[in-house]
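Asker: Numbering (our numbering), first residue to last: 474 to 754.
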Amino acid sequence: PNRDSLPYINTYGLEDAKTFIRTTLRHPDFIYGWKNVIDLKLTSEEKLYRTEGKSLMQFFKEHMELNGFGEWLQQKLHEQFDSTKTLLSELVNLAKLEEEAAEKGVMPVEEFMLVDDKGDLQKIDIDHLKISAAATLADRMHDANLTLKQLFHLGMDDDETILALGQCSAADVLQFSLEKKLMLQPTDKDMVVMLHEIQYEKNETSYKATSSFILKGEDGKHTAMAQTVGLPLAIAAKLILNGTLKLTGLQIPTSKEIYEPVLEELKGHGIEFIENTIIVD
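(1) From what residue to what residue does the alpha helix (DSSP H) around GLN724 run?
(2) Residues in its own chain within less than 8 Å of MET664 by CB, not counting five upstream and five downstream?
(3) Between GLY693 and PRO659, what straight-line distance do the alpha-carbon atoms span, to the nearest angstrom?
(4) At what residue ranges does the segment 657-720 contain a whole run of the beta strand (DSSP E), taking only runs of 3 or more?
(5) Near ARG495, which residues of its chain fall below 6 Å by C-beta distance, leaving aside the five closest residues on each side in sequence?
(6) Determine the DSSP secondary structure at LEU521, reduced to helix, strand or coil.
(7) Work out the CA separation of ALA617 and THR634 for me, nearest whole Å.
(8) Could you give the DSSP three-state label for SER650: helix, strand or coil?
(9) What does DSSP give as the partner residues of THR750 in its beta bridges?
(10) Using alpha carbons as the reference points, say which of ASN676, LYS514, ARG499, ASP631 lies closest to SER528.
(11) So, is HIS536 buried or exposed, given that buried needs 16 or more other C-beta atoms within 10 angstroms?
(12) Per DSSP, ILE494 is paired with what?
(13) Starting from SER642, trace the beta strand (DSSP E) both ways and give me its first and last residue.
(14) Hey, how far is the Cα of ILE752 from the Cα of HIS669?
(15) Distance check for ILE511 and TYR505, CA to CA, integer angstroms please.
Structure representation (structure tokens):
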């Protein structure tokens, strides 16, 4: 979910909707890293730091010492490696048991029954269990490595970038760092993907309507995000100036008088929704 979706219910007149959710797709590593950023209070807006002449590395050192980074990291890695150690030990023991069984000419067990956390009896395949355990082990190692890799990327070891933000908060420095580290390069291209899904019933039949579009940016300056944010506003302003749009006061584009001509002109800029409706069971 992307923030609180509920205010949009009244805005779009969907008070009778049973489920309403607005979401944004994120890379799992992004979500993992952002949680660490919050846990380390790097989003704090309390203006505690004088940054003139300090490097990013010096700021991070000061901030981390104030917020118990050493203890946090130790706990983080302990959780990762403790479960990893247990998993690895169990995998080794399982391999030894299979080897001993083979030496004695005993057919190894391929599956067994196990009661899960809910009290249900489940059939467990040994090979599947080994593959699952190995995948979990790889995930734990990945997360442990990712924790430090992401913090270093933010500037925890950057002694060259000098701050000049005056008295500021950790959030101010985080914003500065992200703007510098994640800035689009001239040849970079972004892409906007939008999908609306509406499921409804009519005459005792269930339908699912989808409306979607994909737009790619041209380069690091002429981005898809800039087009999708800027063009609708520019088109609406033009429609007001030429007298086509006669609404006055503060308006949002939820009336046909606004969105129909804007969407029509957006087609000429390659921004067009593909709509489809199907019957669902």
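Yeah, the Cβ is synthetic: ideal placement off N, Cα and C, and Gly gets one too.
Answerer: Taking the geometry as given:
(1) Neither: GLN724 is in no alpha helix (DSSP H) and is coded neither H nor E.
(2) ILE687, LEU688, LYS689, GLY690, ALA697
(3) 4 Å
(4) 664-675, 678-689
(5) ASN475, SER478
(6) strand
(7) 26 Å
(8) helix
(9) ALA682
(10) ASP631
(11) buried
(12) For ILE494, which the question treats as bridged, DSSP gives no partner whatsoever.
(13) 640-642
(14) 16 Å
(15) 10 Å
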